[in-house]
Amino acid sequence: MFSKENKSLFGREYIQNDYVFKWDNGQPYNPDYITSKFAKTLKKYNLKKIRFHDLRHSCASLLNAQGYTLKDIQEWLGHADIQTTANTYAHLDIGRKKNITNCLSSVIEK
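Put into C-alpha cells, the structure is as follows:
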C-alpha cells in the first residue's frame, strides 16, 4: 500500500521485492520476527495456538471448499509444480471424490 511513498522516501536505498511483510525500506521481515509477533497476537486475543504457516494450509482448504481446483490453488500458493500441491493438499480432494461417488451412485440407481 505504501510502497510507492516508501520508494520515494528511501530512493535508491529501497529494496524492491514481492514480499508481503516488509519494513518501510522494503527489507523483508525476518521469519522469526513474524512467528514471534503472530504468537503474541494469538495470545493477546486468547486464540488457539497455531503456526503462522498453518494459515497457508487454511487458505488452500478454503479455496478448495469454494470449488477451486488444485491447479488454481497451486498457482495461488506459488508452487512451481502441481505435484507439490497435490502431495501436500491431497486430503482436500477426498471430499470431492466422495461427492463424485455419490453423484455416480445416484445416476446409476435411476
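With our numbering applied, the sequence shown covers 413 to 522. Quick reminder that beta carbons are idealized off the backbone N, C-alpha and C, glycines included. Small disclaimer: the values here were computed from a predicted structure and weren't measured.
Bridge-paired residues (DSSP) for Pro440: Lys434
Using 8 Å as the threshold, is the C-beta distance between Asn458 and Gly438 below it? no
Please report the straight-line C-alpha distance between Thr500 and Leu482, rounded to a whole angstrom. 11 Å
From what residue to what residue does the alpha helix (DSSP H) around His465 run? Careful: His465 lies outside any alpha helix (DSSP H) and carries neither H nor E.
Do Lys434 and Pro440 have their CB atoms nearer than 8 Å? Taking C-beta atoms as the reference points, Lys434 and Pro440 count as a pair closer than 8 Å.
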